[in-house]
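Engineer: With the numbering used here applied, the sequence shown corresponds to residues -4 to 179, in that order. Cβ coordinates follow ideal geometry from the N, Cα and C atoms, glycine included.
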Amino acid sequence: MFPFTQNLKDGTAVTIREATGADAELALEYAELISLESNFLTFGPGEFGISLEEERAYFDSLLETGNALFLLAFVESQLVASINFSGGVRPRIRHVGEMGVSVRESHWGKGIAGLLIDSLVEWAKQGGVVRKINLKVRTDNHRAIELYQRKGFEIEGTIKTDFALGETYYDQHFMGLVVDGNSY
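Here is the structure:
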């Protein structure tokens, strides 16, 4: 399934592949760059808090679980987006997990996030383990909420004051997508 290359809405070719331990340094550099571009992330500049060794071990461990995935999206050789999914470790929650997606500001609005979400959903369908994908999104992140809803995610609840940016607190929506398409 991975890697693959696909053209975006503007004709730009994007290559999507799974992250490996060898990508750890690049991924940490990417995290620092995106932290400067958006206040919707759960971390700001210098706050990511993962060492190179921890990131490498994390990426290497993903290949063994069957219910976790980290995809990187490249335009030419530049890392421009990523999506991650981590499923539960215990049998009763192994089928469900949480995703996060990010895109460099220079590539916002080109369809990369949607392509990454589609890739995650297809991976879940093919793998047969993951039945539900959850996410949290700030209630004022309207572009993201609209994208998630177009992809089939539903708002399942709102978590009050769940996100702090300095002394300002924001609510977050908890959204979910049942992968097989069946409703609850």
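Note the first and the last residue of the continuous beta strand (DSSP E) segment covering V75.
Structural biologist: Walking along the sequence shown from the start, residue 75 turns up at place 80. Here the beta strand (DSSP E) through V75 covers Q73 to G82.
Engineer: If you draw a straight line from the C-alpha of Q1 to the C-alpha of I128, how long is it?
Structural biologist: For the purposes of this step, residue 1 is taken as residue 6 along the sequence shown, with counting starting at 1. For the purposes of this step, residue 128 is taken as residue 133 along the sequence shown, with counting starting at 1. Cα to Cα, the separation comes out at about 23 Å.
Engineer: Give a yes or no on contact between the region 32 to 49 and the region 105 to 116, applying the rule of three or more CB pairs nearer than 8 Å.
Structural biologist: no
Engineer: Rounding to the nearest angstrom, what Cα-Cα distance links Y53 and G16 in this structure?
Structural biologist: Counted from its first residue, the sequence shown places residue 53 at position 58. Counted from its first residue, the sequence shown places residue 16 at position 21. Going from the Cα of Y53 to the Cα of G16 covers about 8 Å.
Engineer: For the putative contact between G61 and V124, defined by C-beta atoms under 8 Å, what is the C-beta separation to the nearest angstrom?
Structural biologist: Taking the sequence shown and counting its residues from 1, the one referred to as residue 61 is at position 66. Taking the sequence shown and counting its residues from 1, the one referred to as residue 124 is at position 129. G61 to V124, Cβ: 5 Å. Contact.
Engineer: So for L36, helix, strand or coil by DSSP?
Structural biologist: Translated into the one-based positions of the sequence shown, residue 36 becomes position 41. L36 falls in the coil class under three-state DSSP.
Engineer: Give me the Cα-Cα distance between M170 and S72, rounded to the nearest whole angstrom.
Structural biologist: Working through the sequence shown from its first residue, we reach residue 170 at position 175. Working through the sequence shown from its first residue, we reach residue 72 at position 77. Straight across, the Cα-Cα distance linking M170 with S72 is about 33 Å.
Engineer: As an exercise, report each continuous alpha helix (DSSP H) stretch of at least 4 residues that is fully enclosed by the region -1 to 43, in chain order.
Structural biologist: 19 to 30
Engineer: Of the choices G95, I112, F43 and F(-3), whose alpha-carbon is the least far from that of E27?
Structural biologist: Locating residue 27 in the sequence shown gives position 32, counting from the first residue. Checked all of G95, I112, F43 and F(-3); the closest Cα to E27 is F43.
Engineer: For N79, which residues of its own chain have a beta-carbon under 6 Å away from its beta-carbon, when the five flanking residues on both sides are left out?
Structural biologist: In the sequence shown, residue 79 corresponds to position 84, counting from 1. These residues qualify, in order along the chain: F65 and G95.
Engineer: Near I112, which residues of its chain fall below 6 Å by C-beta distance, leaving aside the five closest residues on each side in sequence?
Structural biologist: Numbered from its first residue, the sequence shown carries residue 112 at position 117. Contacts found: K146.
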